[in-house]
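J.: This is the structure I want to talk about, given as structure tokens.
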Amino acid sequence: MKNSGLFVAIEGVDGSGKTLQVKRVATLLKQHNHSIITTREPGGSSFGGQIREILCDPNQKLDVVSEVFLLLADRHEHYMKIISKKLKGGNIVISDRYLDSTFVYQGYAVNRDPQWIRDLLDKTQIKTPDLTIWLYLPIDDALARVEKRNSEQSLIKPCYEQVDFLTKVVKGYETLYAQNNNNSVKKIDARLPTEEVTDSIFRAIIDAWAKKNN
Ligand code: ATM
Numbered sequence: 037m038k039n040s041g042l043f044v045a046i047e048g049v050d051g052s053g054k055t056l057q058v059k060r061v062a063t064l065l066k067q068h069n070h071s072i073i074t075t076r077e078p079g080g081s082s083f084g085g086q087i088r089e090i091l092c093d094p095n096q097k098l099d100v101v102s103e104v105f106l107l108l109a110d111r112h113e114h115y116m117k118i119i120s121k122k123l124k125g126g127n128i129v130i131s132d133r134y135l136d137s138t139f140v141y142q143g144y145a146v147n148r149d150p151q152w153i154r155d156l157l158d159k160t161q162i163k164t165p166d167l168t169i170w171l172y173l174p175i176d177d178a179l180a181r182v183e184k185r186n187s188e189q190s191l192i193k194p195c196y197e198q199v200d201f202l203t204k205v206v207k208g209y210e211t212l213y214a215q216n217n218n219n220s221v222k223k224i225d226a227r228l229p230t231e232e233v234t235d236s237i238f239r240a241i242i243d244a245w246a247k248k249n250n
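According to the working numbering, the residues represented by the sequence shown are 37 to 250, in order.
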């Protein structure tokens, strides 16, 4: 019988090491003969690449509602045309950011209850991941790492005061995942050595895969 795929999202504040860990864990999974696809949001499809450019353009100064419509358009195309197809093919799909980023960045981080985003999602065919990896980083570490790599330009809204904004992002993830009651979110301390973080993500994915396919 063909395996059903596994959909994994990796979430965390800027500087938590998501992008590096997606690459590392994908390599490890391939070495263990898993079919694996990595992707990201915003910008996982060619259409999404254009949306990412708009979202990250500081001259646009978009309102948060416009941002969400663009992000959901990106996600809908991404899910329907890429993610769901790869899952049907039995692959493990790992997305660097997904739905929870919207709840945090366009919800909690701008002082809005993310319920308004959930209401919009009900009208779409966007599905939640089987497993979410939360790379947890306290605010002081996040600020130190962001400062070190001088990543202000990658922020969707560089006009946000960074300390205040990132603090709300960190707290937003904590609030969101405090409500997780079906164990679909695995919290991993991003301050641990890189190899240990990769190993924990790898084991969480293998466990979820085994649960889904056995
Ligand atoms: P990355 O740097 O992780 O690729 O993400 C780009 C920005 O997109 C990120 N930084 N900031 N600020 C978070 C933001 N983002 C949202 O605001 N909402 C979303 O739904 C997603 C997927 C990303």
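Glycine is no exception: its CB is placed at the ideal position from the N, C-alpha and C atoms.
Assuming contact is defined by CB atoms lying nearer than 7 Å, are Leu-42 and Asp-166 in contact in what I supplied?
T.: Along the sequence shown, read from residue 1 onward, the residue named residue 42 stands at position 6. Along the sequence shown, read from residue 1 onward, the residue named residue 166 stands at position 130. Closer than 7 Å, so yes.
J.: Where Thr-55 and Leu-98 are concerned, what is the direct C-alpha to C-alpha distance, given to the nearest angstrom?
T.: Taking the first residue of the sequence shown as position 1, residue 55 is located at position 19. Taking the first residue of the sequence shown as position 1, residue 98 is located at position 62. One C-alpha to the other measures close to 25 Å.
J.: What would DSSP say about Glu-113, mapped onto helix, strand or coil?
T.: Position 77 of the sequence shown holds residue 113. Helix, per DSSP.
J.: For Gln-57 and Val-44, I'd like the C-alpha separation in whole angstroms.
T.: To locate residue 57, count along the sequence shown from 1; it is residue 21. To locate residue 44, count along the sequence shown from 1; it is residue 8. Between Gln-57 and Val-44, the C-alpha separation is close to 13 Å.
J.: Measuring straight from C-alpha to C-alpha, what distance separates Val-233 and Thr-160?
T.: Translated into the one-based positions of the sequence shown, residue 233 becomes position 197. Translated into the one-based positions of the sequence shown, residue 160 becomes position 124. Going by the C-alpha atoms only, they are around 33 Å apart.
J.: Evaluate Phe-105 with the Cβ neighbour count: other Cβ atoms within 10 Å of its Cβ, from every protein chain shown; 16 or more gives buried, anything less gives exposed.
T.: Position 69 of the sequence shown, counting from 1, holds the residue named residue 105. Exposed, since its Cβ has fewer than 16 Cβ neighbours within 10 Å.
J.: Buried or exposed, going by whether 16 or more other CB atoms sit within 10 Å of the CB of Cys-195?
T.: As a position in the sequence shown, residue 195 is number 159, starting the count at 1. The predicted position of Cys-195 is uncertain, since its pLDDT is 42 and thus under 50; a value taken from the coordinates is nonetheless stated next. Exposed: under 16 other Cβ atoms inside 10 Å.
J.: Alpha carbon to alpha carbon, what distance is there between Ala-145 and Glu-197?
T.: Position 161 of the sequence shown, counting from 1, holds the residue named residue 197. Position 109 of the sequence shown, counting from 1, holds the residue named residue 145. Low local confidence applies: a pLDDT of 49 at Glu-197 is under 50, so the model's placement there is unreliable, and no value is given.
J.: Within a Cβ cutoff of 8 Å, which residues of the same chain sit near Leu-123, ignoring the five residues on either side of it in sequence?
T.: Sequence index remark: in the sequence shown, residue 123 carries index 87 (1-based). So the list reads Ser-40, Gly-41, Leu-42, Phe-43, Val-129, once near-sequence residues are dropped.
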